[in-house]
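Enquirer: Structure provided below as structure tokens; questions to follow.
Okay, structure coming up:
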């Protein structure tokens, strides 16, 4: 038994180095937040967020165009208010028919 231990280099017998090696292996492969899985998960999440960002930027641009049209055309503003918010004039009655 002593002959086998004599052939192992001294740095491999160091308990601190062995503990560090076990810790590193655990963190890379076995932990819930291991580096490899987390890296790919965050990369996919970033890709999804970038797609969402593009979608919302398009929606903001469309809404701004609609707002500009509503601010410049009073007839369109009245039509929008009547259709969207069911507003009416004082002397009118409103009947809502749903399909």
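Residue numbers (the UniProt record's numbering): 1 to 99.
Using N, Cα and C, we set each Cβ at its ideal position, and we do this for glycine too.
Could you tell me the alpha carbon to alpha carbon distance between residue 185 and residue 22, rounded to whole angstroms?
Expert: A query on residue 185 cannot be resolved here, the shown segment of the chain reaching from 1 to 99 and no further.
Enquirer: In whole angstroms, what is the alpha-carbon distance linking residue 52 and residue 87?
Expert: The residue you call residue 52 lines up with position 52 of the chain shown. The residue you call residue 87 lines up with position 87 of the chain shown. Looking at the two C-alpha atoms, the distance is approximately 34 Å.
Enquirer: Please confirm whether residue 20 and residue 13 have their CB atoms less than 9 Å apart.
Expert: Your numbering for residue 20 matches position 20 in the chain shown. Your numbering for residue 13 matches position 13 in the chain shown. No, the Cβ-Cβ distance between residue 20 and residue 13 is not below 9 Å.
Enquirer: Hey, how far is the Cα of residue 72 from the Cα of residue 66?
Expert: Against the chain shown, residue 72 aligns to sequence position 72. Against the chain shown, residue 66 aligns to sequence position 66. Distance between the alpha carbons of residue 72 and residue 66 is about 10 Å.
Enquirer: Which residues bound the alpha helix (DSSP H) around residue 74?
Expert: Reading the chain shown from its first residue, position 74 is the one you call residue 74. Taken as a continuous stretch (DSSP letters only), the alpha helix (DSSP H) holding residue 74 covers 74 to 85.
Enquirer: Extract the residue ranges of the alpha helix (DSSP H) inside the stretch 33 to 66, only unbroken runs of 4 or more that lie entirely within it.
Expert: As far as the stretch 33 to 66 is concerned, it has no whole alpha helix (DSSP H) run of at least 4 residues.
Enquirer: Kindly list the residues whose CB is nearer than 8 Å to the CB of residue 28, restricted to its own chain and excluding five residues on each side of it in sequence; keep chain order.
Expert: Along the chain shown, read from residue 1 onward, the residue named residue 28 stands at position 28. Once the five neighbours on either side are set aside, the close Cβ partners of residue 28 are 34, 35, 36.
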